[in-house]
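Asks:
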Amino acid sequence: MDRTFSLRMLRRSLNTATSALATADGRWALVSTTITGLVAGSMAWLAASTMPPLHVKTQVASTTFLPYRLFSELTQMGNNLGSTRQTVAPPARLDDALQDQDAEDAGNQGPQTRTLTLDSGDTLVGAFENAGATKDDANAAVVAFSKIYDVRDARAGQSFTLTFDVAPPAPAPSKPAAKPERALVSVNGKPVFVDKSDVDSSDGNTSATPPLGRLLSVSFSPSVEHDIAVTRQADGSFAGSDTVKQLAEHTHRAGATIDSSLYLAATQAGIPTDVTVEMIKLFSYKVDFQRDLRPGDTFEVYYNYYYTPDGQPAREGNIDYAMMRTGGHQYAVYRYQPDPTQPAEYFDAHGESLKGMLMKTPVDGARITSGFGMRFHPILGYTRMHKGIDFGVPLGTPVMAAGAGTIEEAHWKGGYGNFVLINHGNGYETAYGHLSRYAPGIHPGTRVHQGQIVAFSGSTGESTGPHLHYEIRINKTQVNPLTVKVAKGRILSGHDLRNFLVGRLHTDAVMASTPLEAKVADNPTDLRQAKAR
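In our numbering, the protein residues as written are 194 to 726.
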């Protein structure tokens, strides 16, 4: 029965196939189906050939990484397969290799230099330690400094250069390798024992930063002409040295026409600032720089200055001659110093001292903001007598004694604020008000010389801003400082006058052969750029 049914179905299929092949569409369908079956079968066979046997268990891929040391060992073993003649040592850990590289780099750097600048309140020992020196090295260096330099004179802003030996320390002696400590970790969900040194540490502990290295030397220059250094010796101690530069003296004759101010004209002529300030002090006894100077006035100065071997200006020398022509008058002075132990004085061509008993202006760079006489008081709100003159100057400007004398008062005095009164003898006194502070050593009974700094300008007491209130008193009565005639300085005579005249003639002769410089130097390091006119 089943056989008969199968034959019947086969005959029916053949009839259907014959009918299908009888047409063009049927033949194309048969070809297309056959090709599709062949391609699908080929792909299935290829896929089946790559599958593992059914009895082998497959492992699931994991993203867990091997410890670095284990990975390195496996890699090295793979590279050395087939090469049994060479024995390869286990590779070092990555962090050890990096530390070795850092040490090698540090060793190649050699000595290292650092520069520090002292701040207010710093000590030398503390500053050296902050720069990288050990405490012992810092103390030893300061002790060596103190033998050639008073370390108490060290001031904020001074710079020190420190040199260190940063070579890496010698390696510690090798020790027998200890049995590595094992740690249990999880790999692919299974417990595995590995070296504990391969497990990353995350305790976060860090050691303190060690000093930079051995201190080799410290150097600094307290002035242009001095270079001080302490250097480590072979026995580890420090020794100091003070190198004094040999300064070269250069003489200059310079002058200019005043267009706006004496200071600006002197600067444009290349005259150093300290020489300009000294010249202003010389003429402050005869010239009121606030009211007397006019555009077109001229000046001239003959002075010497000291320079380092490389041409850097070091310090001022002496002004041998100075002249100022203003308001139709000419003032000329010559330096004379008969006693080397006493300060030099300046006299005119006839031997009369330019220095009067009192200075007209006891502060540098001052401008008069309020004169002597009746005025409306800006604080009290009514008009009253102003028994002095006010000089508008910045806060903290040095105030000089207008003449030699004795400090009679130095204290707070009502509307004057901080106040100083100097007795000059013969009934003359000068008073200074609204001061910010007193100079060191200034107190009642102190003797002062003319031009000595006694205080600093301020705005204490009844004051609307920083300025100096200045008074001249004759027999306890205030007089106008701008019009009062004070006693003249001394006049040379006899042996002193003869010596002075000889020195004056010598100065005139030297100046006559010295060209007037339009500019001392365009570059302070080049002394050859002075141009004569």
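C-beta atoms are modelled at their ideal positions from N, C-alpha and C, and glycine is treated no differently.
Given Tyr342, which residues of its chain have a CB within under 8 Å of its CB, disregarding the five upstream and five downstream residues?
Replies: Excluding positions up to five away in sequence, the list reads Pro415, Ile421, Gly433 and Asp435.
Asks: Relative to the C-alpha of Gly687, which candidate in Tyr663, Glu545, His604 and Ile600 has its C-alpha closest?
Replies: The shortest Cα separation from Gly687 among Tyr663, Glu545, His604 and Ile600 belongs to Glu545.
Asks: I'd like to confirm something about Gln505: is its beta-carbon nearer than 7 Å to some heavy atom of the ligand PLP, or not?
Replies: This structure simply doesn't include the ligand PLP, nor any ligand for that matter.
Asks: Considering only the alpha carbon of each residue, which of Leu455, Glu418 and Ser313 lies closest to Ala441?
Replies: The shortest Cα separation from Ala441 among Leu455, Glu418 and Ser313 belongs to Glu418.
Asks: Looking at the unbroken alpha helix (DSSP H) that takes in Asn332, where does it start and where does it end?
Replies: First-last of the alpha helix (DSSP H) with Asn332: Lys328 to Ser339.
Asks: Applying the 10 Å Cβ sphere with the 16-neighbour rule, what's the burial state of Asp396?
Replies: At Asp396 the pLDDT is 45, less than 50, meaning the model places this residue with poor confidence; the figure from the coordinates comes in the next sentence. That one is exposed.
Asks: Can you tell me whether Asp532 is buried or exposed? The criterion is at least 16 other CB atoms within 10 Å of its CB, across all chains shown.
Replies: With fewer than 16 Cβ atoms within 10 Å of its Cβ, Asp532 is classed as exposed.
Asks: Leaving out the 5 sequence neighbours to the left and right, which residues in its chain are closer than 8 Å to Thr306 when beta-carbon positions are compared?
Replies: The residues are Thr354, Leu355, Thr356 and Phe357.
Asks: Once the 5 residues before and after Arg182 are set aside, which same chain residues still bring their CB inside 7 Å of it?
Replies: This structure leaves residue 182 out entirely; the chain is present only between 194 and 726.
Asks: Does the separation of the CB atoms of Gly448 and Val494 fall below 8 Å?
Replies: Taking 8 Å as the Cβ cut-off, Gly448 and Val494 qualify as a contacting pair.
Asks: Output the distance between the C-alpha atoms of Lys474 and Arg630, rounded to the nearest integer angstrom.
Replies: Spanning the two alpha carbons is a distance of roughly 22 Å.
Asks: Should Arg728 go down as buried or exposed, given a rule of 16 or more other Cβ atoms within 10 Å for buried?
Replies: This structure gives no information on residue 728, because the portion of the chain shown stretches from 194 to 726.
Asks: Going residue by residue through the stretch 569 to 629, where are the continuous beta strand (DSSP E) segments of at least 3 residues, counting only ones entirely within it?
Replies: Qualifying beta strand (DSSP E) stretches, in chain order: 576 to 579, 582 to 585, 591 to 593, 598 to 605 and 611 to 618.
Asks: Any chance you could list the beta strand (DSSP E) runs of at least 3 consecutive residues sitting entirely within the stretch 472 to 501, in chain order?
Replies: If we require 3 residues or more, the beta strand (DSSP E) runs fully inside the stretch 472 to 501 come out as 491 to 500.
Asks: Pop quiz: Val335 and Leu317 are said to be a contact at Cβ under 8 Å. What is the actual Cβ separation, rounded to whole angstroms?
Replies: Right, their Cβ atoms sit about 5 Å apart.
Asks: May I ask you to verify whether the stretch 653 to 668 touches the stretch 684 to 699, counting CB pairs closer than 8 Å and requiring at least 3?
Replies: No contact exists between the stretch 653 to 668 and the stretch 684 to 699.
Asks: Does Met593 pass the burial test, meaning 16 or more other C-beta atoms within 10 Å, or should it be called exposed?
Replies: So Met593 ends up on the buried side.
Asks: I need the straight-line Cα distance from Ala222 to Gly230, nearest angstrom please.
Replies: Answer to the nearest angstrom: the Cα atoms are 12 Å apart.
Asks: Could you name the residues that DSSP lists as bridge partners for Glu442?
Replies: Note: Glu442 sits in a beta bridge opposite Tyr499.
Asks: Is the beta carbon of Arg518 sitting closer than 8 Å to the one on Asp490?
Replies: Taking 8 Å as the Cβ cut-off, Arg518 and Asp490 qualify as a contacting pair.
Asks: Quick one: what does DSSP say Leu661 is sitting in, helix, strand or coil?
Replies: Reduced to three states, the DSSP call for Leu661 is strand.
Asks: What number of angstroms, rounded off, separates the C-alpha of Val468 from the C-alpha of Phe492?
Replies: Whole-angstrom Cα-Cα distance: 13 Å.
Asks: Going by DSSP in three states, Arg528 sits in which element: helix, strand or coil?
Replies: DSSP places Arg528 in strand when its eight states are reduced to three.
Asks: Let me know the secondary structure DSSP gives Gly644 once reduced to three states.
Replies: Note: Gly644 maps to coil in three-state DSSP.
Asks: Using the three-state DSSP reduction, which class does Arg767 fall into: helix, strand or coil?
Replies: As displayed, the chain neither begins before 194 nor continues past 726, which places residue 767 out of reach and without an answer.
Asks: Could you pull out every residue in the same chain whose Cβ sits closer than 6 Å to the Cβ of Arg345, ignoring the five residues on either side in sequence?
Replies: Counting only Cβ-Cβ distances below 6 Å, and skipping sequence neighbours, we find nothing.
Asks: When the Cα atoms are used, what is the spatial distance from Leu698 to Ala525?
Replies: If I take the Cα positions, the gap works out to 14 Å.
Asks: In the DSSP assignment, find the unbroken alpha helix (DSSP H) run with Gly433 in it and report its ends.
Replies: Taken as a continuous stretch (DSSP letters only), Gly433 belongs to no alpha helix (DSSP H), being part of the beta strand (DSSP E) at Phe431 to Val437.
Asks: Please name the residue, chosen from His579, Ile561, Leu661 and Ile451, that lies closest to Val613 on a Cα-to-Cα basis.
Replies: Measuring from the Cα of Val613, the nearest candidate turns out to be Leu661.
Asks: Check the DSSP bridge columns for Ala422 and list the partner residues they point to.
Replies: Paired residue(s): Ser412 and Ser434.
Asks: Apart from the five residues on each side of it in sequence, which residues of its chain come closer than 7 Å, Cβ to Cβ, to Arg204?
Replies: For Arg204, where only same-chain residues beyond five positions count, there are no Cβ hits under 7 Å.
Asks: Cα-Cα, which of Gly521, Val359, Tyr499 and Lys606 is closest to Asn511?
Replies: Comparing Cα-Cα distances from Asn511 to each of Gly521, Val359, Tyr499 and Lys606, the minimum goes to Tyr499.
Asks: Given that a residue counts as buried once 16 or more other Cβ atoms are within 10 Å of its Cβ, and exposed if not, what is Lys553?
Replies: The residue in question, Lys553, is buried, as its Cβ has 16 or more Cβ neighbours within 10 Å.
Asks: Are Gly596 and Leu551 closer than 8 Å when you measure CB to CB?
Replies: Against a cut-off of 8 Å, the Cβ pair of Leu551 and Gly596 comes out as a contact.
Asks: Below 7 Å CB to CB, which residues in the same chain sit around Asn616 once its five sequence neighbours on both sides are set aside?
Replies: These residues qualify, in order along the chain: Gly598, Thr599, Glu601 and Glu622.
Asks: Which value, in whole angstroms, describes the spacing of the CA atoms of Glu459 and Pro465?
Replies: Correcting the residue type first, residue 459 is Ala in the shown sequence and not Glu. One C-alpha to the other measures close to 8 Å.
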